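Here the sequence shown stands for residues 16 to 56, numbered as in the numbering used here.
Here the structure comes first, spelled out in structure tokens, and everything after it is commentary.
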Amino acid sequence: MAIKITILKPKQEEKEKMTNQLLSAGRSKEEIGLILGEVKK
């Protein structure tokens with residue numbers, strides 16, 4: 016993936032911002048869930 020995220024615990028706002036960016040990049044909500052799920056670990 017081109018996006019590297021170094022924040023270990025993203026704030027809710029940041030998650031929403033990321034979700035909106037991914038949605039506008041044409042990703043499905045399922046994909047976003049997987050990506051955000053990976054970020055949380």
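Glycine residues also receive a C-beta, built at the ideal position from the N, C-alpha and C atoms.
On a predicted model such as this, the values are computed, not experimentally measured, just so you know.
DSSP places G41 outside both helix and strand once states are collapsed to three, so it counts as coil.
Short of 6 angstroms from the beta carbon of I47, and not among the five residues preceding or following it, lie these beta carbons of its own chain, in chain order: T34 and L37.
The Cβ atoms of L49 and K30 do not sit closer than 8 angstroms to each other. Non-local beta-carbon contacts of E53 in its own chain, meaning distances under 8 angstroms to residues more than five positions away in sequence, are absent.
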